[in-house]
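In this note's numbering, the protein residues as written are 1313 to 1570.
Right, dumping it as structure tokens:
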């Protein structure tokens, strides 16, 4: 499997407080490879640097040291999609849903008619049934999150970053969104880095679960998930899933105690 994301010796620190000369190390010597089309979930203690890692990989934050390489499937410049933790705040309230989703295409100079055609095709393909002519505030939380995901994948990204995207959703909506993300991934096949704080979600979605240490973050353990695909929520009550969950909880306990 070719690598879509290669991270080597990544380190990042921030000022401990405004005006302070002291630096707070958030990530230290972190290395990880993600294969093309691989689904990786990232799990770790609160505040250990998971969001900072995604922000560095997406180019929003510069690292202090280390190397990041993101490969394009067609050999050209890699296309990235990012679903932020606060998905509602990431949507533009003055744009209709169809224009929110099409925004990455607008940045590339795609014509309005082509943008709208591509958005409507994407919505049909993934059976999105709400009205794309409304504004984000007129949608439910789950629908707003789906808009954010559609925007992240409208340009067929090579890599997709998702930062705890389902935190604010109720249980039923969360499980529906997990399955929608898997359907989108299985169709478009980007490499995925998905930050989660829910161990069941992390296992259910992933090819591998990457456990980060306490801050400063490094890769502490990696748990392969050999569950068959396509997956179903019924798997969560299987003996195979229970064994993986037991292993994951033990790994997390070791990390927290270290």
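Don't be surprised by glycine CBs; every beta carbon is placed ideally from N, CA and C.
- Query: With C-beta atoms as the reference, is residue 1528 less than 8 Å away from residue 1361?
  - Reply: Within the chain shown, the letter at position 216 stands for residue 1528. Within the chain shown, the letter at position 49 stands for residue 1361. Going by C-beta atoms, residue 1528 is nearer than 8 Å to residue 1361.
- Query: Measuring CB to CB, does residue 1444 end up less than 8 Å from residue 1434?
  - Reply: Position 132 of the chain shown holds residue 1444. Position 122 of the chain shown holds residue 1434. No, these two residues do not count as a Cβ contact at 8 Å.
- Item | Contact under 8 Å by Cβ, residue 1467 with residue 1417 | Counting from one through the chain shown, the residue named residue 1467 turns up at place 155. Counting from one through the chain shown, the residue named residue 1417 turns up at place 105. A contact, by the Cβ cut-off of 8 Å.
- Task: To the nearest angstrom, report how far apart residue 1376 and residue 1328 are at their CA atoms.
- Result: Position 64 of the chain shown holds residue 1376. Position 16 of the chain shown holds residue 1328. For residue 1376 and residue 1328, the distance between alpha carbons rounds to 15 Å.
- Query: In terms of alpha-carbon separation, which member of 1469, 1543, 1510 and 1479 lies closest to residue 1557?
  - Reply: Position 245 of the chain shown, counted from the first residue, corresponds to residue 1557. Of 1469, 1543, 1510 and 1479, the residue nearest in Cα terms is 1510.
- Message: Within the continuous alpha helix (DSSP H) that includes residue 1490, where are the two ends?
- Response: As a working note, residue 1490 is residue 178 in the chain shown. Unbroken alpha helix (DSSP H) run through residue 1490: 1483 to 1500.
- Item | Run of the beta strand (DSSP E) containing residue 1394, from where it starts to where it stops | Locating residue 1394 in the chain shown gives position 82, where the first residue counts as 1. Residues 1392 to 1395.
- Whole-angstrom distance between residue 1461 and residue 1543, CA atom to CA atom: Counting from one through the chain shown, the residue named residue 1543 turns up at place 231. Counting from one through the chain shown, the residue named residue 1461 turns up at place 149. Taking the straight line from one Cα to the other gives about 20 Å.
- Tell me whether residue 1456 is buried or exposed, calling it buried when 16 or more other Cβ atoms sit within 10 Å of its Cβ. Walking along the chain shown from the start, residue 1456 turns up at place 144. Residue 1456 is buried by the Cβ-count criterion.
- Message: Check whether the region 1412 to 1431 and the region 1488 to 1507 touch, using three or more Cβ-Cβ pairs below 8 Å as the test.
- Response: Judged by Cβ distances under 8 Å, the region 1412 to 1431 makes no contact with the region 1488 to 1507, as fewer than three pairs qualify.
- Given residue 1367 as reference, the closest of 1569, 1324, 1512 and 1411 once Cα atoms are compared: Reading the chain shown from its first residue, position 55 is the one you call residue 1367. Considering only alpha carbons, the answer is 1324.
- Message: My assumption, with CB atoms under 8 Å, is that residue 1319 sits in contact with residue 1342. Please give the rounded CB distance.
- Response: Mapped onto the chain shown, residue 1319 falls at position 7. Mapped onto the chain shown, residue 1342 falls at position 30. 6 Å between Cβ atoms; contact.
- Message: Using 8 Å for Cβ pairs, my map puts residue 1478 next to residue 1352. What's the rounded Cβ distance?
- Response: Translated into positions along the chain shown, residue 1478 becomes position 166. Translated into positions along the chain shown, residue 1352 becomes position 40. Contact doesn't hold; Cβ gap of about 17 Å is too wide.
- Query: Got a sec? Which residues, its chain only, sit under 6 Å from residue 1337 by beta carbon, not counting five neighbours each side?
  - Reply: Taking the first residue of the chain shown as 1, we reach residue 1337 at position 25. In the same chain as residue 1337, and ignoring 5 residues on each side of it, the C-beta atoms closer than 6 Å to its own belong to 1325 and 1528, in chain order.
- Please go through the region 1376 to 1447 and give each complete beta strand (DSSP E) segment of 3 or more residues, from N-terminal end onward. 1377 to 1382 and 1392 to 1395
- Message: Nearest by alpha-carbon distance to residue 1563: which of 1423, 1521, 1447 and 1552 is it?
- Response: Along the chain shown, one-based indexing puts residue 1563 at 251. Ranking 1423, 1521, 1447 and 1552 by Cα distance to residue 1563 puts 1521 first.
- Based on Cα-Cα distance, which residue from 1546, 1369 and 1447 lies nearest to residue 1407? Counting from 1 along the chain shown, the entry for residue 1407 is found at position 95. Nearest in C-alpha terms to residue 1407, of all of 1546, 1369 and 1447, is 1447.
- Query: What residues match up with residue 1320 in a beta bridge as DSSP calls it?
  - Reply: Counted from its first residue, the chain shown places residue 1320 at position 8. In DSSP, residue 1320 forms a bridge with 1379.
- DSSP three-state assignment for residue 1471, whether helix, strand or coil: On the chain shown, residue 1471 is found 159 positions in, with the first residue counted as 1. Correct three-state label for residue 1471: strand.
- Query: When the distance is taken between beta carbons, is residue 1519 closer than 8 Å to residue 1385?
  - Reply: Residue numbering aside, residue 1385 sits at position 73 when the chain shown is read from its first letter. Residue numbering aside, residue 1519 sits at position 207 when the chain shown is read from its first letter. No, the pair does not count as a contact, with Cβ atoms beyond the cut-off.
- Among the residues of its own chain, which have a CB less than 6 Å from the CB of residue 1474, if the five just before and after it don't count? For the purposes of this step, residue 1474 is taken as residue 162 along the chain shown, with counting starting at 1. Excluding sequence neighbours, residue 1474 sits near 1395 and 1506.
- Message: Output needed for residue 1265: all residues of its chain with C-beta closer than 8 Å, excluding positions within five of it in sequence on either side, in chain order.
- Response: Residue 1265 lies beyond the residue range present for the chain, which begins at 1313 and ends at 1570; the question has no answer from this structure.
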